[in-house]
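The sequence shown begins at 134 in this note's numbering and counts up by one.
Glycine is no exception: its CB is placed at the ideal position from the N, C-alpha and C atoms.
Just so you know, these numbers come straight off a predicted model, no measurement behind them.
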Amino acid sequence: MQLETLKPELKEELKKCLVSHKHDSEACQLVFKAFDFAFDKHIDQKRKSGQPYIIHPVAVAKTLIELDCDIATICAGLLHDVLEDTECSTIDIKEAFGEVIFQLVDGVTKLGRLNFKSSQEEQANNFRKMLLAIAKDVRVVLVKLADRLHNMQTLEHMPDEKRERIAQETLDIFAPLANRFGLHTLKIELEDLAFKHLHPEEYKKVKFVVNSKKEERETQVQVSKQKIQQILLKNDIKAEVYGRAKHFYSVFRKLRMPGTSIILEDLDQIEVYDLLGIRILVDDIQSCYAVLGLIHKHFRPMSGRFKDYIAVPKANLYQSLHTTVINPYGKPLEVQIRTREMHSIAENGIAAHWHYKEAGSSSKAGQEDLEELTWIRQLLSWQSDVEDAGEYVDTVKKDILSQEVYILSPKGDVFTLPVDSTPIDFAYRVHSKIGDTCTGARVNGSIVSINYKLQNGDLVEVTNSKNSHPNLSWLNFVKTNQAKHKIKSWYKTQNKDRHISIGKQMLEEKHGKEGFEQFHQSKELEEIAARLNYTTTDDLIASIGSGDTTVAQVLHKLQGTKYGDKQEEKLDRFLKIKPRKAATRGEQAEIPELDGLLYNIGKCCMPIPGEAVMGVVSKGKGITIHRHNCHNLTQVETERLMQIQWNLKTGNVYPTNLAIEVVDRVGIVKDILTLVADAGINIADFKVKERPTNNTALLKVIFNVHGQEELNSIITAINNMTDVLSIERL
């Protein structure tokens with residue numbers, strides 16, 4: 134297609150879309166200005182399909198229009214790739230479209246630079262950045278999701294490996310995000326597209342069976358629909374009644390069992406009622422409940438299948454009445470009843486929320502209008518509570534993007550928790566102090582055990598005592614990572630005196646008892662504590678004892694002071710390590726730059742493949758390999774330092790020391806050993822270093838790992854074990 138004919142055609146498509154959603158001429162002109170700007174910037178670019186690139190931002194903008202987004206967001210959709218993929222500058226966008234649209238484009242651009250193909254640690258950090266960017270301006274996620282939707286719609290043009298990776302990302306991250314923002318229509322399409330590319334055979338089977346039952350399904354829905362319309366007409370209730378089909382991925386997920394795959398014979402057993410549904414739209418909330426009463430009067434309701442999301446909305450603003458009744462054919466029929474505004478928000482989430490806010494006011498809806506989305510505020514609060522990026526992402530996936538229940542507080546506030554959460558999880562979700570001092574709970578007025586599994590709509594009242602504190606046994610049943618993190622944090626805080634004692638011993642080994650007393654009172658230690666963001670020197674020493682800070686970090690900060698290492702002492706430590714010859718040569722050499730040379734691995738920092746390293750040349754002793762941030766490198770002459778890097782393909786293993794603090798129970802060591810063995814990692818040494826308290830133990834373990842990625846993976850797996858309080862690399 135020629136560009137000169139493509140431009141007016143695309144602009145006409147945008148115009149029709151804008152007019153159908155009742156945007157005025159002034160708004161249209163701003164969108165056309167953004168279109169012209171993007172067209173000129175992308176004029177020489179093409180997509181993998183060979184189509185002109187401009188087709189992509191136009192598709193993104195059309196999706197945003199269909200979602201009832203504001204004009205600034207639609208313009209950002211048209212411009213979302215110009216900063217990253219063209220020579221356009223930030224000043225160009227600011228001058229042409231103003232600060233608001235620039236900030237949206239800049240926010241989407243930053244998300245676009247996140248590389249989900251990176252290592253596990255980098256991926257966690259990238260995901261964390263994305264979530265926090267969304268928390269600052271939720272409109273950014275609308276553009277990002279619309280962008281992902283069109284990329285999924287054209288995914289067949291990508292290589293197989295990349296296509297599968299993008300589809301898995303979509304299923305794991307972007308579809309749950311769409312659901313969390315109430316973007317139901319978009320979530321369904323993302324799931325079905327990901328399903329199509331990840332499980333093509335199963336997708337074809339599900340599609341075939343669903344389509345083959347289409348006539349039977351439509352007949353049953355039509356009969357039910359006509360009966361409902363007659364009932365509503367007789368009772369003077371204005372309503373729209375229509376059938377709704379379940380999407381392919383929801384059918385697949387319903388049938389799929391862990392560890393098994395779907396076969397065609399299984400799919401043939403799908404009952405038609407698994408695919409049946411009716412939706413009723415009315416004018417107001419009063420009519421919703423009136424319709425519900427009529428439905429239950431004329432159709433037999435199924436016990437336990439009624440949910441009132443109008444009285445207790447979901448965290449993504451979703452409101453509706455759900456009930457399942459028996460249809461005229463004797464089969465279950467799912468019925469949803471809601472107002473038209475509720476329906477728009479159910480389909481288009483926060484975008485529709487803004488649309489309705491703007492309709493009732495001359496001012497545009499701002500971030501304050503989305504206070505109902507409490508989970509967004511949780512993203513920001515967890516930013517300060519959870520330092521490790523991997524733990525933060527795991528917390529978000531388990532506590533926010535998982536299946537959920539909706540719990541009421543005595544004041545009527547609604548809290549969202551993962552399925553199988555307990556009163557302890559609820560207490561910590563309300564406030565950490567309420568969790569720490571929890572003694573019991575009442576659910577719907579009745580006393581329950583603290584490991585009771587909460588149900589949708591439960592009203593929970595927590596009982597507290599100022600003299601109470603968390604019990605480590607809670608870790609056996611709490612569901613949310615937030616609760617687990619708070620319980621472990623309380624434990625660390627309460628053991629501060631013990632950690633101070635351990636930290637002092639570690640520093641005394643370096644300075645001697647008398648030297649440590651002087652050091653403890655010195656301004657140098659106060660300055661180091663401040664530089665490492667600790668309020669007092671005791672806080673710093675406690676962090677050394679708990680493993681949060683290493684002695685090496687403190688020594689590094691002491692350089693140039695009377696308490697720092699002398700260069701001669703450092704060199705002596707280097708020379709004490711016996712060198713070795715390279716085990717392999719040529720392409721299989723561990724470190725290509727040292728092929729054929731004598732070298733050794735520094736015992737002070739024990740580097741492993743995947744980490745940035747530096748070589749230190751010692752006369753007659755070969756080269757010593759250190760981590761690039763090892764404190765022993767700081768006073769080595771520059772001419773003795775050598776830039777080196779690992780060969781990650783050798784298959785060799787390297788020792789690394791870990792300290793694991795655990796709840797001291799029968800079987801904990803066996804559980805850890807089994808986990809490590811299942812991961813295919815060999816344990817070189819394992820011993821109980823000490824028992825800090827009556828019910829905890831500190832284990833010292835030496836793993837042989839192939840590199841940093843394998844080490845990070847096993848650390849994460851061990852840290853996620855219920856009775857593991859902390860794990861640190863020594």
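- Under the DSSP assignment, Gln-355 falls in the alpha helix (DSSP H) whose first and last residues are 347-367.
- Nearest Cα to Asp-591 within the set Ile-580, Ala-160, Lys-599: Ile-580.
- For the set Ser-182, Arg-272, Arg-473, Leu-200, the Cα lying nearest the Cα of Met-285 is the one of Ser-182.
- With 16 or more neighbouring CB atoms inside 10 Å of its own CB, Tyr-539 falls in the buried class.
- Distances from the alpha-carbon of Asp-811 to those of Asn-780, Leu-832, Glu-843, Leu-331 put Glu-843 closest.
- Partner residues in the beta bridge of Gly-748, as assigned by DSSP, are Ile-758, Met-775.
- The shortest CA-to-CA distance from Cys-208 to any of Val-241, Pro-725, Ile-848 is the one to Val-241.
- The three-state secondary structure of Val-191, taken from DSSP, is helix.
- Here Thr-549 is bridged, per DSSP, to Tyr-539.
- Cys-208: member of the alpha helix (DSSP H) spanning 204-212, first to last residue.
- A direct Cα-Cα distance of roughly 9 Å separates Ala-830 from Arg-798.
- According to the DSSP assignment, Leu-275 belongs to no beta strand (DSSP E) but to the alpha helix (DSSP H) extending over 272-286.
- Excluding its 5 nearest sequence neighbours in each direction, Arg-272 has C-beta neighbours in its own chain below 7 Å: Thr-206, Leu-237, listed in chain order.
- Taking a cut-off of 8 Å on C-beta distances, the region 431-451 does not touch the region 320-339, as fewer than three cross pairs fall below it.
- The alpha-carbon of Asn-837 is positioned some 5 Å away from that of Val-786.
- Counting every other CB atom within 10 Å of its CB across the protein chains shown gives Arg-471 a total of 16 or more, marking it as buried.
- A contact is defined here as three or more CB-CB pairs under 8 Å, and the region 346-360 fails this definition with respect to the region 307-316.
- Contact annotation: Val-809 and Asp-856 have beta-carbon atoms that are not nearer than 9 Å.
- Here Glu-594 is not near Ser-634, since their CB atoms are 9 Å or more apart.
- For Asn-609, the closest C-alpha among the options Ile-814, Met-854, Ala-574 is that of Met-854.
- With fewer than 16 other Cβ atoms from the protein chains shown falling within 10 Å of its own Cβ, Gly-813 counts as exposed.
- If you keep only unbroken alpha helix (DSSP H) runs of at least 4 residues inside the region 562-618, you get 565-569.
- Spanning the alpha carbons of Ile-777 and Ile-734 requires a straight line of approximately 13 Å.
- Asp-818: member of the beta strand (DSSP E) spanning 815-823, first to last residue.
- By the Cβ test, the region 362-373 is in contact with the region 427-436, since at least three Cβ pairs between them sit closer than 8 Å.
- Within the same chain, Tyr-787, Thr-789, Val-838, Gly-840, Gln-841, Leu-844 come within 7 Å of Ile-741 by CB-CB distance, once the 5 residues on both sides are set aside.
- Assigned with DSSP and collapsed to three states, His-290 falls in helix.
- Annotation: Leu-730 to Asn-762 spans about 23 Å, alpha carbon to alpha carbon.
- Leu-216 places its beta carbon 9 Å or farther from that of Ile-187.
- The secondary-structure analysis by DSSP pairs Gln-654 with nothing; it has no beta-bridge partner.
- The beta carbon of Gly-578 sits closer than 7 Å to none of the beta carbons in its chain outside the five residues before and after it.
- Residue burial is scored here from C-beta neighbours: Tyr-561 has at least 16 other C-beta atoms within 10 angstroms and is therefore classed as buried.
- Where Tyr-732 is concerned, the enclosing beta strand (DSSP E) starts and stops at 731-734.
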